[in-house]
Amino acid sequence: MDICILGAGPGGAIAALHLAKAGHRCLLLDRAAFPRDKICGDALSGKVLSELRHLGGPLTERLAEAGRGAASWGITFAAPSGQLLRVPFKKAADIAHARPDGYVLPRLTFDNLLVEEVRRQPLIELRENCEVARTERGGLGWRLLDKQGGLLAECRLLLVANGAQSSFVRQVVGRELEPAAHCAGVRAYYRGVAGLDPQHFVELHFLPELLPGYLWIFPLADGGANVGLGMLSQDVAKKRLNLRQRLEELVATHPSLQARFAQAERLGPVRGWGLPLGSRRRPLSGEGYLLLGDAASLIDPFSGEGISHAMVSGRHAADWAGRALATSNVSAGFLAGYDAAVYRRLGQELRLSTAMQRLLRWPQLFNFIANRAVANPTLAETLSAMFLDIDLRARLKQPGFYLRLLFGRGK
Numbered sequence: 001m002d003i004c005i006l007g008a009g010p011g012g013a014i015a016a017l018h019l020a021k022a023g024h025r026c027l028l029l030d031r032a033a034f035p036r037d038k039i040c041g042d043a044l045s046g047k048v049l050s051e052l053r054h055l056g057g058p059l060t061e062r063l064a065e066a067g068r069g070a071a072s073w074g075i076t077f078a079a080p081s082g083q084l085l086r087v088p089f090k091k092a093a094d095i096a097h098a099r100p101d102g103y104v105l106p107r108l109t110f111d112n113l114l115v116e117e118v119r120r121q122p123l124i125e126l127r128e129n130c131e132v133a134r135t136e137r138g139g140l141g142w143r144l145l146d147k148q149g150g151l152l153a154e155c156r157l158l159l160v161a162n163g164a165q166s167s168f169v170r171q172v173v174g175r176e177l178e179p180a181a182h183c184a185g186v187r188a189y190y191r192g193v194a195g196l197d198p199q200h201f202v203e204l205h206f207l208p209e210l211l212p213g214y215l216w217i218f219p220l221a222d223g224g225a226n227v228g229l230g231m232l233s234q235d236v237a238k239k240r241l242n243l244r245q246r247l248e249e250l251v252a253t254h255p256s257l258q259a260r261f262a263q264a265e266r267l268g269p270v271r272g273w274g275l276p277l278g279s280r281r282r283p284l285s286g287e288g289y290l291l292l293g294d295a296a297s298l299i300d301p302f303s304g305e306g307i308s309h310a311m312v313s314g315r316h317a318a319d320w321a322g323r324a325l326a327t328s329n330v331s332a333g334f335l336a337g338y339d340a341a342v343y344r345r346l347g348q349e350l351r352l353s354t355a356m357q358r359l360l361r362w363p364q365l366f367n368f369i370a371n372r373a374v375a376n377p378t379l380a381e382t383l384s385a386m387f388l389d390i391d392l393r394a395r396l397k398q399p400g401f402y403l404r405l406l407f408g409r410g411k
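Numbering (full-length UniProt numbering), first residue to last: 1 to 411.
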């Protein structure tokens, strides 16, 4: 096999679908069987919808059908001071006939939607319940081995999309967890949370005790909510926090949350996971391999957005995999073109998000910005742009944008 993909989440599945669309065969392996749950905030941003449009085909419509009732029409930011900033994605008059700019859809449903499309493609061989325990160079290029050392597959080019805990990234790339560029997150499902927005605005609560992290409340179609919090791993360690316990304490006792959760019921346990952040530029490729999504540490440092970035990397990985096969060149030097392509799309947004995350170290400054954003549409839109497909790169190149950002009242 020329191309193998580790992980059938959004990054791996989108890469496989783009490869099939271009006429390339690939082998897609995942240790789970779908449908399977994935710990996540479950928010699908406008960037996710944009990537589905890049792919083409019926997935956009299937998502709209699966997400019926789960459309999200905006974001509510709660500053450390308690100041609320409600930022709609569309004017109220446009909502009745407009397409949503985002959804809140459990990953069990969304990931399975992608995998079902994978199953329809004859050029993609999907192997579920298939755990790759070790990879080594040899044969065609890479040998994929199971726990007993048995050969699962060989390939010339390996696309690594098996998540934040990827053994390939640890063992082969040699990348260790960086607490200053890594977020620890926990989430639980609740029903009966009071005060959920009727237009399913997602809520980000920048509580002083969590900065530079935040607590989120994302409304679901069934009236429930995905509730969780994330903090930098270095801060969790420094403060010796138990995040599961902290989430339970906050929803039960915090003045802005207590009444809303008084009659709420938690459904199932509080579950945790790690998020490697794109706080700095790292190599995304090497001799015969490309890193995608969380395995590439591409999560947005401010918003925690990871799904769309995985899909962006999957699209570019498929492109560069095709180029590598066409030129019979899987060298590290050639594949570095993939790194450049991904960072052209995401680099400036990741830098802006990193700066905004650092700003959260100064609550008074964030409070000032939140207060200004109430009367400054440019600033409010910039905060929401990380959840939409607004191309910030074009704005960042315009000197006038920064004046409007700081002082302007109009657009």
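Just so it is clear, CB atoms sit at the ideal spot from N, CA and C, and this is done for glycine as well.
Source: prediction; values computed, not measured.
- Would you kindly check if the distance between the Cβ of Arg137 and the Cβ of Leu145 is under 9 angstroms? no
- What is the residue span of the alpha helix (DSSP H) that Trp320 lies within? Ile307 to Thr327
- Message: Relative to the C-alpha of Leu113, which candidate in Ala79, Leu229, Asp37 and Leu63 has its C-alpha closest?
- Response: It is Leu63 whose Cα lies nearest to the Cα of Leu113.
- Message: Measuring straight from C-alpha to C-alpha, what distance separates Gly278 and Ser297?
- Response: 5 angstroms
- Query: So is Leu59 buried or exposed if we call it buried at 16+ other beta carbons inside 10 Å?
  - Reply: buried
- Message: Tell me which residues share the same chain as Ala20 and place their Cβ nearer than 7 angstroms to its Cβ, disregarding the 5 neighbours each side in the sequence.
- Response: Gln121, Leu123 and Ile124
- Task: Return the CA-CA distance between Ser167 and Phe334, expressed in angstroms with no decimal places.
- Result: 24 angstroms
- Own chain partners of Val374 with C-beta closer than 7 angstroms, once the 5 adjacent residues on each side are dropped: Leu85
- Three-state secondary structure (DSSP) of Met356: In the structure shown, Met356 sits in a helix (DSSP, three-state: H, G or I).
- Item | Continuous beta strand (DSSP E) stretch holding Val202: start and end | Per DSSP, Val202 belongs to the beta strand (DSSP E) from Val202 to His205.
- Item | Cβ neighbours of Lys38 in the same chain (closer than 8 angstroms, five flanking residues each side left out) | Gly9, Arg107, Leu108 and Asp111
- Nearest to Val193 by CA position, among Gly150, Glu265, Ser303 and Gln348, is which residue? Measuring from the Cα of Val193, the nearest candidate turns out to be Glu265.
- Task: Would you tell me roughly how many angstroms separate the C-alpha atoms of Leu152 and Val132, rounded to the nearest one?
- Result: 8 angstroms
- Quick check: the region 267-286 against the region 171-184, are there 3 or more CB pairs under 8 angstroms? yes
- Message: Suppose the cutoff is 8 angstroms on Cβ atoms and the five residues either side in sequence are ignored; what does the same chain contact list for Ser353 look like?
- Response: Gly278, Asp300, Pro301, Phe302, Ser303 and Met386
- Query: Start and end of the beta strand (DSSP E) containing Ile3?
  - Reply: Ile3 to Leu6
- Message: Quick check on the DSSP output: the alpha helix (DSSP H) that includes Asn242 runs from which residue to which?
- Response: From DSSP, Asn242 is part of no alpha helix (DSSP H); its letter is neither H nor E.
- What does Trp142 pair with, by DSSP beta-bridge criteria? DSSP lists Arg137 and Cys155 as partners of Trp142.
- Message: So, with DSSP's three-state summary, where would you put Asp389?
- Response: Low confidence applies to Asp389: its pLDDT is 47, below 50, so where it sits in the model is not reliable, and the reading given next is rough at best. Of the three classes helix, strand and coil, the one that applies to Asp389 here is coil, per DSSP.
- Tell me whether Arg409 is buried or exposed, calling it buried when 16 or more other Cβ atoms sit within 10 Å of its Cβ. Residue placement at Arg409 is flagged as unreliable, the pLDDT there being 47, under the threshold of 50; the coordinate-derived value follows with that caveat. It is exposed - the Cβ of Arg409 has fewer than 16 other Cβ atoms within 10 Å.
- Task: Thinking His18 and Leu55 are a contact (beta carbons under 8 angstroms), I'd like their distance in whole angstroms, please.
- Result: 6 angstroms
- Message: Would the region 156-163 count as touching the region 213-227 if we require 3 or more Cβ pairs under 8 angstroms?
- Response: When Cβ pairs closer than 8 angstroms are counted between the two stretches, the region 156-163 is seen not to touch the region 213-227, the count staying below three.
- Item | Inter-residue Cα distance where the pair is Ala341 and His316 | 7 angstroms
- Message: Restricting to runs no shorter than 3 residues, where is the beta strand (DSSP E) found entirely within the region 54-124?
- Response: 74-78 and 84-88
- Glu287 versus Asn329 - alpha carbon distance: 10 angstroms
- Item | DSSP beta-bridge partners of Ser256 | Answer is none; Ser256 lacks a bridge partner.
- Could you please give the first and the last residue of the uninterrupted beta strand (DSSP E) stretch that includes Gly272? Glu265 to Pro276
- Message: At the level of alpha carbons, what is the spacing between Ala71 and Gly102?
- Response: Taking the straight line from one Cα to the other gives about 6 angstroms.
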